[in-house]
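Q: Let me give you the structure first, and then I'll get to my questions.
2 protein chains.
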Amino acid sequence: MPGRVKNILFIMCDQLRWDYLSCYGHPTLLTPHIDALAARGVRFTRAYVQSPICGPSRMSFYTGRYMQSHGSNWNGIPLRVGEMTMGDYYRPLGVQTVLVGKTHMAADKEGMDRLGVDPKSIIGVRVSECGFDPYERDDGLHARGPDGTREAPPRYNRYLNEKGYSGSNPWHDWTNAAQGDRNTLASGWAMKNARKPARVKEEDSETPYMTRRGIDFIREAGEKPWCLHLSYIKPHWPYIAPAPYNDMYSAKHVIPVVRSEEEKRDPHPVLRAFYDYLISTNFSRDEVRNEVIPVYMGLIKQIDDQMGVLFNFLENGGYFKNTMIVFTSDHGDYLGDHWLGEKELFHEPSVKIPLIIYDPSHDADATRGTTCDDLVEAIDLAPTFLEAFGGNPAEQSHRLEGRSLMPLLSGQQPEKWRSHVFSEYDYSIQYGAAFKTMPSEQRLFMVADKDWKYVHAIGYRPMLFDLKNDPHELRDLGADPKFTDVCQRYAKVLSEWGLRQSQRVTRSEQQIRAMRGRAARFGILIGVWDECELADEYWVGYRGDVSV
Amino acid sequence: MPGRVKNILFIMCDQLRWDYLSCYGHPTLLTPHIDALAARGVRFTRAYVQSPICGPSRMSFYTGRYMQSHGSNWNGIPLRVGEMTMGDYYRPLGVQTVLVGKTHMAADKEGMDRLGVDPKSIIGVRVSECGFDPYERDDGLHARGPDGTREAPPRYNRYLNEKGYSGSNPWHDWTNAAQGDRNTLASGWAMKNARKPARVKEEDSETPYMTRRGIDFIREAGEKPWCLHLSYIKPHWPYIAPAPYNDMYSAKHVIPVVRSEEEKRDPHPVLRAFYDYLISTNFSRDEVRNEVIPVYMGLIKQIDDQMGVLFNFLENGGYFKNTMIVFTSDHGDYLGDHWLGEKELFHEPSVKIPLIIYDPSHDADATRGTTCDDLVEAIDLAPTFLEAFGGNPAEQSHRLEGRSLMPLLSGQQPEKWRSHVFSEYDYSIQYGAAFKTMPSEQRLFMVADKDWKYVHAIGYRPMLFDLKNDPHELRDLGADPKFTDVCQRYAKVLSEWGLRQSQRVTRSEQQIRAMRGRAARFGILIGVWDECELADEYWVGYRGDVSV
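Here the protein sequences line up with chains A and B, keeping their order. Here the first sequence stands for residues 13 to 560, numbered as in the numbering used here. Here the second sequence stands for residues 13 to 560, numbered as in the numbering used here.
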């Protein structure tokens, strides 16, 4: 099957909330370049990540599999060696599958060692980099380790040094810090410094730098098709931006907080642990929201401006003719909604993402500028790209748990689209110490459709939200006996999901069908009493004259 | 931790029904050597396989993981590259982990190729051989393929040729065939030939040959500890035995069939497909049972005699002092019970196995000759052996889903032993064509305890057996509304099982705990508003005089 597109530009932001773009309805944060992409493509209104935290969410994007299937349950938990990723699917089709930016991948060094895979070989690098060829890997958080030497400095740090930004950690000291009082460094790690301008020049900050690196790759890529994952760290914390983005917005541009006093009365025991976390208590204060959110918005505005730069380059290079462009995020940010900061739980600000897909082919002309309200999961992108490159996702359904969005992009309504979306969160590392359970039990599962959102918590009562009548998810009905039947209905859906076929990864549905009857064809004749019960052909090789 | 034993001899029969040994109560089939082992060890009365068919069952034995976790769902479905097996656990402890006989392993060639693992390298061979060093691999079924050349001839065939048994497939023509009328070959594939003596001399038949090969390995093994998997094909079909075992038993020695007319009235739709299979219809005939079962018994008697040879060798070599000896099977055989032949479903004759463990250490003196009625699974052996060799199964609980039986061998009652056993069967290859569902949906799940056995069938009603009041499992209560609540109770247990943590294989429970708080230790400071909210130590590296 010939590919529908030549290239795919798979753009990901980090921690970009679905509703912080003007095309998704943000009233004060105008993002004209991203909106323009949406005007040329399809904007998905119900796209959900498979885990609302960077690492697991990305591993689901890259593998096309649920977290429970790929097992990389939290940041820093290595993706097991052998787990297939985008590169494994696209390279056989002749597609360079390349990374510029962040993946949050942790390599399974022990697994590679066990299998004798040299981490420095081409295969070893790909296994370590989640299947991508790393044009530039940069996870965007370059903190000092316990001994100040956590990792090899990223290329970006060298770039900064070369530009005259001094020090061993210019990422922190210039890009993620401002000048404080009396010539002190005001670290971006302290949110009270958010509105101060980062010390770096705007053009040398992370978002423009990574845009240029993406353009560098495209310029150098030659004629061979590519899938470029251009993956920005922003608007992820540290919440600090260079001028002019640091004070482009102020408290008056901040949309109202979504929370209620009722939420804090007798909350779900797991949720209670989340409430107690520093980022939740801080984001519950208006002072914090009014200082931090404007900068979060500024970082998004900067991304939008860089999308302008990028799309302009693509337009001039003729790439809009043959390149699918995808814009999305790995999860959202509570920003104080529901008394929470960060992400990790399953309210819409955390688990729902923006997703815009521009498909250059004529098949997609009918859907340009439209929205799609179908239930979509992050794991759908891997099979979508596979189909776009001319592969057949149906042949990979034993591995790829998502579904190709291609029919939706063409305006076709697939016969049986999914009825539910699933997401998971493993809180064993972050909050597990507060509970007596084993780490393996410290997990949450979300099942949602357009009506209800159900959260199963191992060892605790469920949470339940009525999305129709309580769209802001302010009332957890999970403890209300009136809704026991609703809970049971979704528990059943989750139960079926838990029993799904996810690990028979070495044989496809088609291959299983082809194996039927194989034993007899290979001369393994089971349960026969008399030879006449099977046709003569089966006995070839089993007859003979013993006197010969 | 020093090992409790030096060596482990892990003996497996194929298709040996739990109750076809005199120590398990068979009235006419006397197995004194196996009984003697039981008299020196512990005999488990409720040991269940994780799938009642060779390949998946064995993969569960060797990986210590449920079928849904390892994904090798049927014979011939490769175990995915990277899935850890006994050898991966024991070799780091200095233990040679070696195979003599059958594993039913299919290598994941595609996965090895993807990772650049050379199938001929030491690692590649182990990956291909399910983690064992193959002293002699022999899956025991050497049929002719469609073109008569299915596989390289096994060493056993060369052995037979050297002994003067002629032909390209002496496995079939001599060991698994008899002489028929007028000098024709009477193939063992036709069960009507069962009682005829195989053409091979008894000493050259498979069971004594493989015993000698096991002894060969032990003789050559030297001082280095070993785990030898000595894995016999018998009493698996073809049901044919050399003299004198072919007519050592007759119809009068056959225990009564267990079945009822009620079973065939409106049976479960999946069960109905099994009833229609040739081996079921044949084994439902008394003529077949009376001819075949005596030979099945003879094959077991031969195994017992060979156990005599083997144990005698071990005794003379002093191995009983330092070697754990395990005797078990990969599943049972219906032999006409419940109107079925073969195995695959979850009645006790199929899913329950004999399991005898002799532990040479003094810790086990208290349990010698006793039985253990606790619920045991095949996946328990991998962690048991690990502990016996001095490893710590608790550190592998993120991979090994079974539990070490060591406390039970020492006569201790573990604090929380498992309350249920689980088994699975994927009928997509064998019977799937009879159903409209997708292969991935064609799966069954069993949950059992000492009271009930519940079988979940995707897309169909469950099956349910009352083990207390109907120990022969003759009445399927799964469609009876009176037992809906019982079904729901077990469905809930299965649901929890389905959501278990099974794929986070790169980090252990202990490692998860150690990761807690790591972000801050590495200088990633989340949600801080004011520097004073965190101790000074966290800010090291983030402060400075910008005027310097």
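The C-beta atom is built at its ideal place from N, Cα and C for all residues, glycine as well.
Using a Cβ-Cβ cut-off of 7 angstroms (strictly less than) and excluding sequence neighbours within five positions of residue 296 (chain B), which residues of its own chain qualify?
A: Same-chain partners within the cutoff: 348, 351.
Q: Kindly identify the DSSP beta-bridge partner or partners of residue 475 (chain B).
A: DSSP lists B:467 as partners of residue 475 (chain B).
Q: For a contact meaning CB atoms closer than 7 angstroms, what does residue 527 (chain A) contact in chain B?
A: Chain B residues near residue 527 (chain A): 88, 441.
Q: Could you list which residues in chain C have their beta carbon closer than 8 angstroms to that of residue 81 (chain A), in chain order?
A: The structure shown contains no chain C; its protein chains are A and B.
Q: Looking only at DSSP bridge pairs, what is residue 636 (chain A) linked to?
A: The structure shown does not extend to residue 636 (chain A), since chain A spans only 13 to 560, so no value can be given for it.
Q: Give a yes or no on whether the minimum CB-CB distance between residue 549 (chain A) and chain B is below 7 angstroms.
A: Output row for residue 549 (chain A): interface = no.
Q: Residue 152 (chain A) touches chain B at which residues, Cβ-Cβ below 7 angstroms?
A: What residue 152 (chain A) touches in chain B: nothing, since even the nearest Cβ is about 11 angstroms away.
Q: With a threshold of 6 angstroms on Cβ separation, who are the neighbours of residue 29 (chain A) within its own chain once the five nearest residues in sequence on each side are excluded?
A: Only 344, 345, 361 meet the Cβ criterion.
Q: Threshold first: 4 residues or longer. Then list the alpha helix (DSSP H) segments lying entirely within the region 247-305 of chain A, N to C.
A: Counting whole runs of 4 or more residues, the region 247-305 of chain A contains the alpha helix (DSSP H) stretches 273-276, 281-287, 290-295.
Q: So, for residue 495 (chain A): in the same chain, excluding its five sequence neighbours on each side, which residues have a beta-carbon less than 6 angstroms away from its beta-carbon?
A: Hits under 6 angstroms: 476, 489.
Q: Exposed or buried, what is residue 536 (chain A) when buried is set at 16 or more other beta-carbons lying within 10 Å of its beta-carbon?
A: When all chains shown are included, residue 536 (chain A) counts as buried.
Q: Does DSSP classify residue 113 (chain B) as helix, strand or coil?
A: Note: residue 113 (chain B) maps to strand in three-state DSSP.
Q: Alpha carbon to alpha carbon, how far is residue 511 (chain B) from residue 508 (chain A)?
A: Each residue's Cα considered, the two are about 10 angstroms apart.
Q: In chain order, what are the residue ranges of uninterrupted alpha helix (DSSP H) at least 4 long that sit wholly in the region 146-234 of chain B?
A: The qualifying runs are 167-174, 218-232.
Q: Quick check: the Cα distance between residue 282 (chain B) and residue 503 (chain B), rounded to an integer number of angstroms?
A: Looking at the two C-alpha atoms, the distance is approximately 18 angstroms.
Q: List the endpoints of the continuous beta strand (DSSP E) containing residue 369 (chain A).
A: That run of the beta strand (DSSP E) goes 364-370.
Q: Taking residue 301 (chain B) as the reference, give the member of B:258, B:353, B:287 with the closest Cα.
A: Residue 301 (chain B) has its Cα closest to that of B:353, out of B:258, B:353, B:287.
Q: Between which residues of its own chain and residue 486 (chain A) is the CB-CB distance below 7 angstroms, once the five residues before and five after are set aside?
A: These residues qualify, in order along the chain: 272, 274, 275.
Q: Using DSSP with H/G/I as helix, E/B as strand and the rest coil, what is residue 436 (chain A)?
A: Reduced to three states, the DSSP call for residue 436 (chain A) is strand.
Q: Could you tell me which residues DSSP pairs with residue 21 (chain B) in its beta bridges?
A: In DSSP, residue 21 (chain B) forms a bridge with B:240, B:337.
Q: Using a Cβ-Cβ distance under 7 angstroms, would residue 204 (chain B) count as near chain A?
A: For residue 204 (chain B), the answer is yes, since a Cβ of chain A falls inside 7 angstroms of its Cβ.
Q: Would you mind working out which of B:515, B:529, B:539 sits nearest residue 92 (chain B), comparing C-alpha positions?
A: Nearest C-alpha to residue 92 (chain B): B:515.
Q: In angstroms, rounded to a whole number, what distance separates the CA positions of residue 18 (chain A) and residue 90 (chain B)?
A: Those two C-alpha atoms are separated by around 34 angstroms.
Q: According to DSSP, is residue 522 (chain A) part of a helix, a strand, or is it coil?
A: Three-state result, residue 522 (chain A): helix.
Q: Check the Cβ of residue 298 (chain A) against every Cβ in chain B and list those closer than 7 angstroms, keeping chain order.
A: None at all; the shortest Cβ gap to chain B is about 12 angstroms.
Q: With distances taken between CB atoms, is the gap from residue 109 (chain A) to residue 99 (chain A) smaller than 7 angstroms?
A: The answer is yes: Cβ separation under 7 angstroms.
Q: By DSSP, does residue 424 (chain A) sit in helix, in strand, or in coil?
A: In this structure, residue 424 (chain A) counts as coil in the three-state DSSP scheme.
Q: What residues in the region 405-429 of chain A bring their beta carbon closer than 8 angstroms to a beta carbon of chain B?
A: Residues 409, 410.
Q: Is there a C-beta anywhere in chain A that falls below 7 angstroms from the one on residue 258 (chain B)?
A: No, because no Cβ of chain A sits closer than 7 angstroms to the Cβ of residue 258 (chain B).
Q: Since residue 66 (chain B) is in the beta strand (DSSP E), which residue starts that stretch and which ends it?
A: Residue 66 (chain B) -> not in any beta strand (DSSP E); alpha helix (DSSP H) instead, spanning 66-75.
Q: Could you tell me the distance, in whole angstroms, from the CA atom of residue 111 (chain A) to the CA atom of residue 385 (chain A)?
A: In a straight line, the C-alpha of residue 111 (chain A) is about 30 angstroms away from that of residue 385 (chain A).
Q: What residue range is occupied by the uninterrupted alpha helix (DSSP H) comprising residue 499 (chain B)?
A: Here the alpha helix (DSSP H) through residue 499 (chain B) covers 496-510.
Q: Quick one: list the residues of chain B neighbouring residue 554 (chain A), beta-carbon separation under 8 angstroms, in chain order.
A: The answer, in chain order, is 156, 184, 189, 197, 199, 201.
Q: Taking Cβ positions only, does residue 562 (chain A) come closer than 7 angstroms to chain B?
A: An answer regarding residue 562 (chain A) cannot be provided, because it is not within the stretch 13 to 560 covered by chain A.
Q: Of all the CB atoms in chain A, is at least one closer than 7 angstroms to the CB of residue 541 (chain B)?
A: Yes, residue 541 (chain B) counts as interfacial toward chain A.
Q: How about residue 36 (chain B) and residue 366 (chain B): are their beta carbons less than 7 angstroms apart?
A: Their beta carbons are under 7 angstroms apart, which means residue 36 (chain B) touches residue 366 (chain B) by this criterion.
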